[in-house]
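In what follows, a structure is listed as structure tokens, so that the remarks can point back to it.
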Amino acid sequence: MKFTTKTEYGVICLIFMARNKEREVMTVRDIVRDEKLSTTYLEKILQKLKQAGIVVSHQGKQGGYSLARRPSEITFKQIVDAVEGSTFDVYCEPAIRDSITCNHFGMCGLRPIWEKSKKLLDGFYASLTLDMISRGEFEVRSMVEAHGT
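Heads up, the sequence shown is in the working numbering, so the first residue is 690 and it goes up one at a time.
What follows is the structure, given as structure tokens:
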């Protein structure tokens with residue numbers, strides 16, 4: 690599993706929005722200026738977040754984006770799923786297996802490991818909210834360590 694810059698930029702953008710709650714609508718220009726991100730790339734990511742119901746777009750002169758829900762109601766898993774498609778692809782799953790060729794299906798001992806990895810990651814990421822990850826590193830580290838394995 691490897692996250693792309695889509696996830697990194699998406700999370701940075703959402704943390705920016707969560708930390709600047711007093712501003713109801715944020716323009717892409719505001720986010721790009723403060724966070725030093727690519728405008729075109731960020732706009733594509735925001736469209737994915739909009740399609741997933743994580744952000745809402747506002748049209749007009751005062752237009753921009755805002756969070757669709759409170760930060761405490763948006764999970765890290767929802768963010769990852771919105772921009773990456775899923776947290777972890779298990780290629781042995783029938784829906785995915787049909788699109789690739791695996792000569793070891795049914796014999797491979799990795800399938801249970803991949804399935805367990807996906808289940809653990811999904812559960813862990815679903816337990817983390819935007820509100821939690823928008824705090825400082827020390828506080829987030831304490832929460833993650835308290836979560837256990």
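Just so it is clear, CB atoms sit at the ideal spot from N, CA and C, and this is done for glycine as well.
What residue does the alpha helix (DSSP H) around Gly753 start on, and which one ends it?
-> Along the sequence shown, read from residue 1 onward, the residue named residue 753 stands at position 64. Counting along the chain, Gly753 falls outside any alpha helix (DSSP H), though it belongs to the beta strand (DSSP E) covering Gly753 to Leu756.
Taking DSSP as the reference, what is the three-state secondary structure of Tyr745?
-> Walking along the sequence shown from the start, residue 745 turns up at place 56. Reading off the sequence shown, one finds Val at residue 745, where the question assumed Tyr. Strand.
Work out the CA separation of Arg800 and Ile743 for me, nearest whole Å.
-> For the purposes of this step, residue 743 is identified with residue 54 of the sequence shown, where counting begins at 1. For the purposes of this step, residue 800 is identified with residue 111 of the sequence shown, where counting begins at 1. Whole-angstrom Cα-Cα distance: 32 Å.
Which residues in the same chain have their Cβ closer than 8 Å to the Cβ of Gly752, if we skip the five residues on either side of it in sequence?
-> Sequence index remark: in the sequence shown, residue 752 carries index 63 (1-based). Taken in chain order, the residues that qualify are Val714, Thr716 and Ser746.
Whole-angstrom distance between Thr693 and Lys737, CA atom to CA atom = Numbered from 1 along the sequence shown, position 48 holds the residue referred to as residue 737. Numbered from 1 along the sequence shown, position 4 holds the residue referred to as residue 693. Each residue's alpha carbon lies about 14 Å from the other.
Same chain, Cβ closer than 6 Å to Leu703, five either side skipped, listed in chain order | As a position in the sequence shown, residue 703 is number 14, starting the count at 1. The residues are Leu819.
With DSSP as the reference, please indicate the residues paired to Leu818 in a beta bridge.
-> Taking the first residue of the sequence shown as 1, we reach residue 818 at position 129. A quick correction: the sequence has Thr, not Leu, at residue 818. Beta-bridge pairing links Thr818 to Thr764.
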